[in-house]
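Colleague: For the sequence shown, my numbering assigns the number 9 to the initial residue and increments by one for each residue that follows.
For glycine and all other residues, C-beta sits at the position ideal for the given N, C-alpha and C.
Here's a structure for you.
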Amino acid sequence: MSASTTVGAVRRSRGGSLLRRIVMVLGLPSVLIAAWWFLSADSESFFAPPLQTILEAFPSTWLEGRLVSDVLPSVVRLLVGYAAALVVGIGLGVAIGMSPRLRAFCEPPLEFFRAIPPPVLIPILMLFLGIFTTMKIVVIATGCLWPILLNTIEGVRAVDEVLRDTSAIYRLRRITVLRTLILRGASPQIMTGARQALSVGIILMVISEMFAANNGLGFTIVQFQRSFAIPEMWTGILLLGLVGVLLSIVFRAVERPVLAWYTGLRQSQRGGN
Numbered sequence: 009m010s011a012s013t014t015v016g017a018v019r020r021s022r023g024g025s026l027l028r029r030i031v032m033v034l035g036l037p038s039v040l041i042a043a044w045w046f047l048s049a050d051s052e053s054f055f056a057p058p059l060q061t062i063l064e065a066f067p068s069t070w071l072e073g074r075l076v077s078d079v080l081p082s083v084v085r086l087l088v089g090y091a092a093a094l095v096v097g098i099g100l101g102v103a104i105g106m107s108p109r110l111r112a113f114c115e116p117p118l119e120f121f122r123a124i125p126p127p128v129l130i131p132i133l134m135l136f137l138g139i140f141t142t143m144k145i146v147v148i149a150t151g152c153l154w155p156i157l158l159n160t161i162e163g164v165r166a167v168d169e170v171l172r173d174t175s176a177i178y179r180l181r182r183i184t185v186l187r188t189l190i191l192r193g194a195s196p197q198i199m200t201g202a203r204q205a206l207s208v209g210i211i212l213m214v215i216s217e218m219f220a221a222n223n224g225l226g227f228t229i230v231q232f233q234r235s236f237a238i239p240e241m242w243t244g245i246l247l248l249g250l251v252g253v254l255l256s257i258v259f260r261a262v263e264r265p266v267l268a269w270y271t272g273l274r275q276s277q278r279g280g281n
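And the structure:
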C-alpha cells in the first residue's frame, strides 16, 4: 500500500470519527427540538406557547441588557460559591482521608449535615446574612461542599497503600507525596464530586434567587411567571439550560488535562487485555 493511500485512509477515518462524534453530540438535542417545534406549533395554550413564539421572544428578553444585569450576577455568585466549596472540600477531604482517627471522629457529624437539604438552610441563613449576595454564595458553597468533600475523602482512602509505603521508604517530602501521589491518585473521584457539585450549584443558584433577590436568573424567571409573561418565562428556562451546557463544556475542558494520566492508564490497560 502506497504512502498516499495510507494517508487518505487515515484522513477518511478521522473524518468519519469526527462526523460520528458530531452526530452523537447533536443528534438527540436536534430530535428533541424538532419534536418540540412540531408538537407545539398549533398550541393555543396560554401556559405552553409554541416553541417559535418562545424563540422569537428570546432576543428581546435577554440580549437587551439582562445578560449583564441578571445573568452575569448569577454566574458570578455560582462561580464564587463553587470555588469556595472546591477549596474547602478538597482541603478538608485530604486531611480527613489521610487520618483514620480524624475520619472516625468526623464521620457522625458529616453524615448528619450531609442529610440536610441545602434549600432548607436558606431561611436560616437569611436571618444571619440577610438577603444579599453573601447569603446566596454561602447557600451555593454549602450545597456544593458535600459532593466534593465526601468524594475527596473516599478518593484519598483508595490511594494504593503500596505506593504510600514506597514513598515513606524513599523519604519523599510531604508536599511531594501530597502533590504527586495523594491528589493525583484521588483526582478521578475528586473530579466526580466536582461535577456533581456543579449541578447542585446551578440548582441552588436559582433557588436562592427565588427566595429573596432583586436580580439574577431565578429572580427574573419568577417575576415573569408572576406577571404572566409566559413566553419570557420559558426563555429564562431555556437560557438556564444553555448556561448549564456551557459550564459543562468548560468543566470537561478542565477535566481532560487533569485526568490525562488516568485516561492514558485506562486505555493502556484495555489495550493490554
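Could you spell out the range, first to last residue, of the alpha helix (DSSP H) harbouring F55?
Modeller: Counted from its first residue, the sequence shown places residue 55 at position 47. Element bounds for F55: n/a, residue is neither H nor E.
Colleague: If we ignore side chains and look at the alpha-carbon of each, how far apart do V79 and G224 end up?
Modeller: Here residue 79 refers to the residue found at position 71 when the sequence shown is read from its first residue. Here residue 224 refers to the residue found at position 216 when the sequence shown is read from its first residue. So the alpha carbons of these two residues sit roughly 6 Å apart.
Colleague: For S235, which of helix, strand or coil comes out of DSSP?
Modeller: Position 227 of the sequence shown, counted from the first residue, corresponds to residue 235. In this structure, S235 counts as coil in the three-state DSSP scheme.
Colleague: Taking the C-alpha atoms as reference points, what is the distance between L59 and A103?
Modeller: Translated into positions along the sequence shown, residue 59 becomes position 51. Translated into positions along the sequence shown, residue 103 becomes position 95. Approximately 51 Å, taken between the alpha carbons.
Colleague: Output yes or no for whether 8 Å exceeds the beta carbon distance between G151 and V230.
Modeller: Mapped onto the sequence shown, residue 151 falls at position 143. Mapped onto the sequence shown, residue 230 falls at position 222. Cβ distance not < 8 Å, so G151 and V230 don't count as in contact.
Colleague: With DSSP collapsed to three states, give me the class of L110.
Modeller: To locate residue 110, count along the sequence shown from 1; it is residue 102. Three-state result, L110: helix.
Colleague: Going by beta-carbon coordinates alone, are T243 and F66 separated by less than 8 Å?
Modeller: Locating residue 243 in the sequence shown gives position 235, counting from the first residue. Locating residue 66 in the sequence shown gives position 58, counting from the first residue. Yes, they are a contact pair.
Colleague: Helix, strand or coil, according to DSSP, for S175 in the structure here?
Modeller: Counted from its first residue, the sequence shown places residue 175 at position 167. In the structure shown, S175 sits in a helix (DSSP, three-state: H, G or I).
Colleague: Which residues in the same chain have their Cβ closer than 6 Å to the Cβ of I139, if we skip the five residues on either side of it in sequence?
Modeller: Numbered from its first residue, the sequence shown carries residue 139 at position 131. So the list reads A220, once near-sequence residues are dropped.
Colleague: Around the Cβ of Q197, are there at least 16 other Cβ atoms within 10 angstroms (buried) or fewer (exposed)?
Modeller: As a first step, residue 197 is located in the sequence shown; it is residue number 189 there, counting from the start. It is buried - the Cβ of Q197 has at least 16 other Cβ atoms within 10 Å.
Colleague: Taking the beta carbon of L212 as the centre, do at least 16 other beta carbons fall within 10 Å, making it buried, or is it exposed?
Modeller: Position 204 of the sequence shown, counted from the first residue, corresponds to residue 212. Buried, because 16 or more other Cβ atoms sit within 10 Å of the Cβ of L212.
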